[in-house]
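J.: Sharing a structure, written as structure tokens. Questions coming.
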Amino acid sequence: MLIALFTANLIGISVARSLHYQFYSWYFYTLPYLLFVGLPFNNDWFFTTDVVAARFKSNVTQIQKSTGAISPFSIVLRMASWPSCSRTILPLLHNLPINPRKCFGQIFLKKKIIDKHFLCTTAEGTIIFDREAKRIQRNRASQLDDYNVCQYVKDEIAYRVADKVFDLTKFNDICIDIGCGSGHIAMNLIKENVGVIIQCDISAGLIRQSKSVVDSEVPVLSIIADESMAPFRKKSADLIVSSLSAHWINDLAKWFSRCLSILRPDCPLIGAMLANDTLHELRIALQLAEMERLGGIGLHISPFVRADDIGSLMSQAGFGMITIDTDELTVGYPSIFALLYDLQGMGESNALRNRSTHIRRDILIAADAIYRSMFSRDDAPYPATFQIVSFIGWRPGPLMPKPAKRGSQQASFKDIGKIIEGKMPFPGENCPK
Numbered sequence: 001m002l003i004a005l006f007t008a009n010l011i012g013i014s015v016a017r018s019l020h021y022q023f024y025s026w027y028f029y030t031l032p033y034l035l036f037v038g039l040p041f042n043n044d045w046f047f048t049t050d051v052v053a054a055r056f057k058s059n060v061t062q063i064q065k066s067t068g069a070i071s072p073f074s075i076v077l078r079m080a081s082w083p084s085c086s087r088t089i090l091p092l093l094h095n096l097p098i099n100p101r102k103c104f105g106q107i108f109l110k111k112k113i114i115d116k117h118f119l120c121t122t123a124e125g126t127i128i129f130d131r132e133a134k135r136i137q138r139n140r141a142s143q144l145d146d147y148n149v150c151q152y153v154k155d156e157i158a159y160r161v162a163d164k165v166f167d168l169t170k171f172n173d174i175c176i177d178i179g180c181g182s183g184h185i186a187m188n189l190i191k192e193n194v195g196v197i198i199q200c201d202i203s204a205g206l207i208r209q210s211k212s213v214v215d216s217e218v219p220v221l222s223i224i225a226d227e228s229m230a231p232f233r234k235k236s237a238d239l240i241v242s243s244l245s246a247h248w249i250n251d252l253a254k255w256f257s258r259c260l261s262i263l264r265p266d267c268p269l270i271g272a273m274l275a276n277d278t279l280h281e282l283r284i285a286l287q288l289a290e291m292e293r294l295g296g297i298g299l300h301i302s303p304f305v306r307a308d309d310i311g312s313l314m315s316q317a318g319f320g321m322i323t324i325d326t327d328e329l330t331v332g333y334p335s336i337f338a339l340l341y342d343l344q345g346m347g348e349s350n351a352l353r354n355r356s357t358h359i360r361r362d363i364l365i366a367a368d369a370i371y372r373s374m375f376s377r378d379d380a381p382y383p384a385t386f387q388i389v390s391f392i393g394w395r396p397g398p399l400m401p402k403p404a405k406r407g408s409q410q411a412s413f414k415d416i417g418k419i420i421e422g423k424m425p426f427p428g429e430n431c432p433k
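Given below as structure tokens:
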């Protein structure tokens with residue numbers, strides 16, 4: 001009898017606790033959506049300095065004139081790892097006072113921008129790169145004490161991408177940074193060009209690093225998601241930027257198509273990625289060292305896309321007014337080991353699916369000698385080349401910039417020197433007296 005009562009009591013407690021947990025799980029994760037997402041927009045829910053009100057009710061610049069500034073905030077979304085729990089995606093607030101109005105406003109913005117289907121979807125088709133390995137590499141890199149010291153290449157290229165944003169004549173309410181890293185682009189944007197920037201990266205460690213970016217003039221919203229899926233709603237962004245992240249995406253054709261669908265008409269995609277000549281010195285040195293000692297070569301350097309292929313992929317996706325620029329950035333190192341350490345600190349280690357898992361020490365020593373003998377220069381004993389491909393593409397629309405008609409030029413290239421020296425006027429100006 002006592003055993004039966006004890007068993008019944010134990011079952012009752014277990015059921016009660018299970019119901020209690022399920023109720024509170026539903027209360028915290030689902031109830032805010034039911035209460036606030038379906039209601040009409042009202043400015044009373046938010047501070048007047050909240051970027052949500054600025055985006056959906058009025059212009060950011062008008063709010064800046066009336067209040068003086070826009071309070072930056074950050075949200076990190078923890079995505080569910082299985083589709084049946086996709087609706088339990090919840091915002092984790094960081095560095096914010098507990099304020100219900102601001103919290104509900106951020107949930108409202110997330111519902112308007114994030115496409116939950118792509119948060120819980122994995123890439124299909126040919127898999128060249130191991131995305132999980134890349135996530136682990138970036139997380140480990142973010143934990144290094146000298147992480148910021150290794151970001152010189154990413155900082156430089158992000159500055160160049162932001163410089164292209166400065167050239168845009170229109171104001172971009174919502175800018176999405178796909179593959180943000182530790183916020184390299186956000187720290188270079190200004191409030192005169194961008195209203196709010198939404199950062200997306202697969203690495204939680206890099207998202208935490210991006211929170212430490214305090215120099216950004218633009219309010220920042222961060223989400224943890226696979227940037228190869230671009231988990232945003234259609235026609236939800238005025239500008240998409242990406243810096244040194246797209247070269248790790250397996251299906252670039254589908255990624256460009258996703259970016260095109262996210263953009264509104266007459267809005268651009270501006271980005272940069274590594275191209276096929278990147279680290280060719282290191283690749284040759286490792287291959288020669290392995291051929292000498294092993295009689296074969298391993299996959300230690302990831303393949304990169306060619307510059308002309310990027311233009312073709314963007315054209316097939318439907319972009320217009322495509323511009324492709326190629327540049328080379330050469331960095332000198334004291335040894336091959338310093339180069340490998342900095343690549344690890346950048347989170348740019350090899351992530352091929354069929355990569356070689358290890359490399360012998362004697363091969364590295366031999367590769368160091370080969371590297372120096374073949375590529376050494378007076379100013380850099382171990383030069384490493386980073387070939388950068390910058391691209392700009394516009395979603396077609398009635399106001400999209402169009403090239404000038406053939407034969408409409410008013411000056412000749414042979415007269416550029418005279419124009420610069422002041423001997424000839426600029427087109428449309430009178431001759432100097």
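Everything in the sequence shown is counted per full-length UniProt numbering, starting at 1 for the first residue and increasing by one. Backbone N, C-alpha and C fix where the C-beta goes; we use that ideal spot for every residue, glycine too. These numbers were taken from a predicted model, which means no experiment stands behind them.
#1: So I198 packs on L221, CB below 8 Å; how close in whole Å?
#2: Helix, strand or coil for S142 per DSSP?
#3: What is the DSSP secondary structure of D415, reduced to helix, strand or coil?
#4: Spatial neighbours of Y159 within its chain, please: CB distance less than 6 Å, with the 5 preceding and 5 following residues excluded, ordered by chain position.
#5: Restricting to runs no shorter than 3 residues, where is the beta strand (DSSP E) found entirely within the region 263-328?
#6: To the nearest angstrom, how far is the alpha carbon of A317 from that of I157?
#7: Under 8 Å between the Cβ atoms of A384 and L282?
#8: Could you say if the region 318-327 and the region 345-361 meet the contact criterion of at least three C-beta pairs nearer than 8 Å?
#9: Quick check on DSSP: helix, strand or coil for I185?
#10: Let me check understanding here. Comparing Cα to Cα, which of N354, T278 and L288 lies closest to M374?
#11: Pick helix, strand or coil for D177, following the three-state DSSP scheme.
#12: Where G183 and I207 are concerned, what is the direct C-alpha to C-alpha distance, given to the nearest angstrom?
#13: Taking S312 as the reference, give the member of S257, V331, P303 and G298 with the closest Cα.
#14: Starting from I336, trace the beta strand (DSSP E) in both directions and tell me its first and last residue.
#15: By Cβ distance below 6 Å, which residues in the same chain neighbour F304 in space, the five residues on each side in sequence not counted?
#16: Can you find the residues in the same chain that come closer than 6 Å, C-beta to C-beta, to S242, ignoring five residues on each side of it along the sequence?
#17: What residue range is occupied by the uninterrupted alpha helix (DSSP H) comprising I365?
#18: Taking just the CA atoms, how far does K191 sit from L35?
#19: For the beta strand (DSSP E) containing D251, name the first residue and the last one.
#20: Could you give the residue range of the alpha helix (DSSP H) that holds D167?
#21: Classify C431 as buried or exposed, calling it buried when 16 or more other Cβ atoms lie within 10 Å of its own Cβ.
#22: Is the region 354-373 touching the region 393-403, taking contact as three or more C-beta pairs under 8 Å?
#23: If distances are taken between C-alpha atoms only, which option among A380, I223 and K234 comes closest to L329?
#24: Could you check where the beta strand (DSSP E) with G195 kicks off and where it finishes?
#25: Could you tell me the alpha carbon to alpha carbon distance between F413 and D309, rounded to whole angstroms?
#26: If we count the other Cβ atoms within 10 Å of its Cβ and call it buried at 16 or more, is K134 buried or exposed?
#27: Could you pull the start and end residues of the alpha helix (DSSP H) that Q387 belongs to?
#28: Since I believe M314 is in contact with Q151 (beta carbons under 8 Å), could you give me their beta-carbon distance rounded to a whole number of angstroms?
#29: Does the Cβ-Cβ distance between G298 and E290 come in under 8 Å?
#30: Would you mind sorting A307 into buried or exposed? The rule is 16 or more other CB atoms within 10 Å of its CB.
#31: Please classify A53 as buried or exposed, where buried requires at least 16 other C-beta atoms within 10 Å of its C-beta.
#32: With DSSP as the reference, identify every bridge partner of V153, one or two as the case may be.
#33: Could you tell me the boundaries of the alpha helix (DSSP H) in which L206 lies?
#34: Which same chain residues, not among the five before or five after I127, have their C-beta less than 7 Å away from its C-beta?
T.: So, from the listed chains and residues:
#1: L221 and I198 do touch by the CB rule: their CB atoms are close to 5 Å apart, below 8 Å.
#2: Here DSSP, grouped into helix, strand and coil, assigns S142 to helix.
#3: In the three-state scheme derived from DSSP, where H, G and I count as helix and E and B as strand, D415 is classed as helix.
#4: Counting only Cβ-Cβ distances below 6 Å, and skipping sequence neighbours, we find N188.
#5: Correct list: 268-274.
#6: A317 and I157 have their C-alpha atoms spaced approximately 24 Å apart.
#7: In terms of Cβ geometry, A384 and L282 form a close pair [threshold 8 Å].
#8: For the pair of segments examined, the region 318-327 was found not to touch the region 345-361: the number of CB pairs separated by less than 8 Å stays below three.
#9: In the structure shown, I185 falls within a coil segment according to DSSP collapsed to helix, strand and coil.
#10: Measuring C-alpha to C-alpha distances from M374 to each of N354, T278 and L288 identifies L288 as the nearest.
#11: When DSSP states are grouped into helix, strand and coil, D177 belongs to the strand group.
#12: Each residue's Cα considered, the two are about 8 Å apart.
#13: The shortest C-alpha separation from S312 is found at S257.
#14: For I336, there is no enclosing beta strand (DSSP E); the residue is found in the alpha helix (DSSP H) stretching over I336 to M346.
#15: The residues are H247, L274, A275, N276 and T278.
#16: Cβ neighbours of S242 beyond the five flanking positions: I178, G179 and G271.
#17: Per DSSP, I365 belongs to the alpha helix (DSSP H) from R361 to F375.
#18: Here L35 scores only 36 on pLDDT, less than 50, and its place in the model should not be relied on; the value that follows carries that caveat. The straight-line gap separating the alpha-carbon atoms of L35 and K191 is approximately 33 Å.
#19: Element bounds for D251: n/a, residue is neither H nor E.
#20: Neither: D167 is in no alpha helix (DSSP H) and is coded neither H nor E.
#21: A caution first: C431 carries a pLDDT of 48, below 50, which makes its placement in the model too unreliable to give a value.
#22: Counting Cβ pairs under 8 Å, fewer than three are found: no touch.
#23: Of the candidates A380, I223 and K234, the one whose C-alpha sits nearest the C-alpha of L329 is A380.
#24: According to the DSSP assignment, G195 belongs to the beta strand (DSSP E) that extends over V194 to D201.
#25: Taking the CA atoms as reference points, F413 sits about 29 Å from D309.
#26: Burial state of K134 is buried, judged by a 10 Å Cβ sphere holding 16 or more other Cβ atoms.
#27: Careful: Q387 lies outside any alpha helix (DSSP H), inside the beta strand (DSSP E) at Y382 to W394.
#28: Q151 to M314, Cβ: 27 Å. No contact.
#29: Yes, the Cβ-Cβ distance between G298 and E290 is below 8 Å.
#30: The residue is buried, with at least 16 neighbouring Cβ atoms inside 10 Å.
#31: Note that A53 has pLDDT 33, beneath the 50 cutoff, so the model's placement of it is unreliable and no number is given.
#32: None, per the DSSP bridge assignment.
#33: For L206, the enclosing alpha helix (DSSP H) covers residues A204 to K211.
#34: N250 and R353.
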